[in-house]
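Report on one structure; see the data block that follows.
Protein chains in written order, with the numbering used here: chain A, 149 to 486; chain B, 149 to 486.
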């Protein structure tokens, strides 16, 4: 029977969280504090938080499903699920410093609560911990998973740097923007969607198909995330309205609008060249992105990604029920309000 | 014939540098810029530097010698030599941000030249690249080397965090200070001193002995580095005189002085509690550390470390000539001006 996405996310929480708590416990006690804080388990004073508001656990859920997709038990994927969740969170901790973001999940980011130094070193520790979890008992599938994670992390880091370089340039080529998204968001979701199959020793071709699914999911997810960065409800996103525009991000809808050659695109470029955008100008910029076709093109691109993600699964030699569950999960991730 | 340390360092440069250039070339072109800058190959504008002033290459030299110590060719250690050098440099790039250090090797640090964001992400990329170099072709010895490097990196990161926590506390227990040093400096030098033997498939007991040698070398090295941080010649250290005192570091000589129970120790604690130390006060603080016995105790502790390092080698089943060369290298590293 096809399992509902919320139930699968809840199963992940139950399976992964105790192991995550244990893994973080391997860090030195002082280093574990900012990491526990980031995961929402304690407040900045070290007091346990009763009902922490956490990430959805998309990546570990993908990892568990990708083991089941090739006929293995979900447990086989557990070290991979843990590792990818930790590495993903390493990237959030560092990105929040780099992007100067003061809030995540409705609370102060690690650098805001503990200082940039602690946030840098906590992120470093998480990155290494993720790889250590796979290298601890280095069976060939675990080593393959570790190498895949290292490669995905390298891509993610390159993507983040590309994103940063976009901030410095006036306009950004739309294709380059998608390449950045594939690296920054796609690579780690591709790994998450394949690591269970890698740990289960599945054939390369199946692993590749699952990886393609995750890559397209990541691209679709980022497209929607970019839309939410402009039109998202602050009470849902946990970030101020129009946040990406305030930071003059060259997100996909903005890149499309800037490259549109339209009058609205030119006016947007003019707004983006200013030192500071007040709330009225942010609203005006959002309207210009929409007028220049940035919103529509991004929604449509996200749909294309989802179609390609589904195609990747259909071509794979995997369990049909799990394939349907992976598609449901992808829809859940990407469909948020758009 | 026993080879001289400067010749061995030069051999490392010739062997490792082309491979290092190639490894850094695997990074995306924009990400490679701050990394190449850090290694001294280019200036901040991207122009090649003709005779770069570089690190001495102690860690890769240890790696190469540790392969020869167990009867293998130095080349066997090359991926380990590269990886440890890259990971060491990752830690320098991040530590410079955390410690707010504007200069290293007589030029601007990466964060100073490119901004903290680029320095964070360049460091992240280096950390992952180091591990990738070993996981690329995952033979069992390479996997063992990667796992050892990940463990050493985790220790190094924990040590750096411990060091940071010392800044926030008034006094620091001397034993705790040594524990910090063992983690922050010792762990990666221990890895460097063993990784060639690991890659050569040497027995565990030999690997353990070489690791002990490297750990003691690291402790001795840090003790001397702490002395140089107070009394070092700025034209040699590349840092302002008394820099560690200005930053009120709880280095080993300072921890010894603060714990001495002497009048000089009390006066030092008083100076350390001030907001800002001008040059006169830094000079006074240095004199107080010496008066309280911090300098002598640290010199003597460094000598003890060197003796234990030599003992570790004597107990190991390794080539006698290479053992002598390792001891020479240790003396070269530790003996700087003290």
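Glycine included, C-beta positions come from ideal geometry on N, C-alpha and C.
For residue 286 of chain A, the nearest beta carbon of chain B is closer than 8 angstroms to its own beta carbon. Excluding five sequence positions before and after residue 179 of chain A, the CB atoms of its chain that fall closer than 6 angstroms to its own CB belong to 273, given in chain order.
What residue 178 of chain B touches in chain A, judged by beta-carbon distance under 8 angstroms, is 309, 310 and 313, going in chain order.
By the C-beta density criterion, residue 162 of chain B is exposed, having fewer than 16 other C-beta atoms within 10 angstroms. DSSP places residue 196 of chain A in the strand class (E or B) of the three-state scheme. Listed along chain A are 302, 305, 306 and 309, each with a C-beta nearer than 8 angstroms to that of residue 273 of chain B. Not a single CB atom of chain A sits nearer than 8 angstroms to the CB of residue 444 of chain B. Under the Cβ criterion of 8 angstroms, residue 280 of chain B is counted among the residues facing chain A. Rounded to the nearest whole angstrom, the CA to CA distance from residue 230 of chain B to residue 171 of chain B is 8 angstroms.
Cβ contact annotation for residue 157 of chain A (same chain, cutoff 7 angstroms, sequence separation greater than five): 204, 205 and 209, in chain order.
For residue 265 of chain B, the residues of chain A that pass the 7 angstroms Cβ criterion are 246 and 312, in the order they occur in the chain. With respect to residue 447 of chain A, residue 405 of chain A sits apart: the two C-beta atoms are not nearer than 8 angstroms. For residue 293 of chain B, the closest alpha carbon among the candidates B:224, B:383, B:409 and B:185 is that of B:224. Exclusion of the five residues before and after residue 246 of chain A leaves 308 and 312 as the residues of its chain whose Cβ lies within less than 8 angstroms of its Cβ. Chain-order list of chain B residues neighbouring residue 242 of chain A: 268, 269 and 272, by C-beta distance under 8 angstroms.
Taking C-beta separations shorter than 7 angstroms and ignoring five residues to either side along the sequence, the partners of residue 259 of chain B in its chain run 244, 245 and 267, following chain order. In chain order, 320, 322 and 325 place their CB closer than 6 angstroms to the CB of residue 403 of chain B, counting only its own chain and leaving out the 5 sequence neighbours on each side. Burial state of residue 201 of chain A is exposed, judged by a 10 Å Cβ sphere holding fewer than 16 other Cβ atoms. As a beta-bridge residue in DSSP terms, residue 252 of chain A pairs with A:255. Counting only unbroken stretches of 4 or more residues, the alpha helix (DSSP H) elements lying wholly within the stretch 288–353 of chain A are 288–316, 322–329 and 335–347, in sequence order.
Residue environment analysis places residue 199 of chain B among the exposed positions, since fewer than 16 neighbouring C-beta atoms fall within 10 angstroms of its C-beta. Under the DSSP assignment, residue 469 of chain B falls in the alpha helix (DSSP H) whose first and last residues are 468–482.
If you look at residue 401 of chain A, you'll find it in the alpha helix (DSSP H) that goes 400–406. An exposed status is given to residue 316 of chain B, since fewer than 16 other beta-carbon atoms sit within 10 Å of its beta-carbon. Contact between the stretch 456–471 of chain A and the stretch 427–437 of chain A is not established, with fewer than three Cβ pairs separated by less than 8 angstroms.
Taking the Cα of residue 384 of chain B as reference, the smallest distance to any Cα among B:251, B:190, B:418 and B:419 is reached at B:251. Taken atom to atom, the span from the alpha-carbon of residue 288 of chain B to that of residue 392 of chain A is near 46 angstroms. Taking residue 149 of chain B as reference, the option from B:412, B:482 and B:472 with the minimal CA-CA separation is B:472.
Put simply, the CB of residue 277 of chain A is near chain B, with a gap under 8 angstroms to one of its CB atoms.
When the alpha-carbon of residue 470 of chain B is set against those of B:221, B:296 and B:177, the nearest one is in B:221. Excluding five sequence positions before and after residue 442 of chain A, the CB atoms of its chain that fall closer than 7 angstroms to its own CB belong to 401, 402, 404 and 405, given in chain order. Straight through space, the alpha carbons of residue 376 of chain A and residue 398 of chain A are spaced by roughly 14 angstroms. Annotated as distal: residue 302 of chain B and residue 211 of chain B, with beta-carbon spacing of 8 angstroms or more. Here the C-alpha atom of residue 449 of chain A lies approximately 57 angstroms from the C-alpha atom of residue 424 of chain B. Between the alpha carbons of residue 285 of chain A and residue 295 of chain B lies a gap of roughly 9 angstroms.
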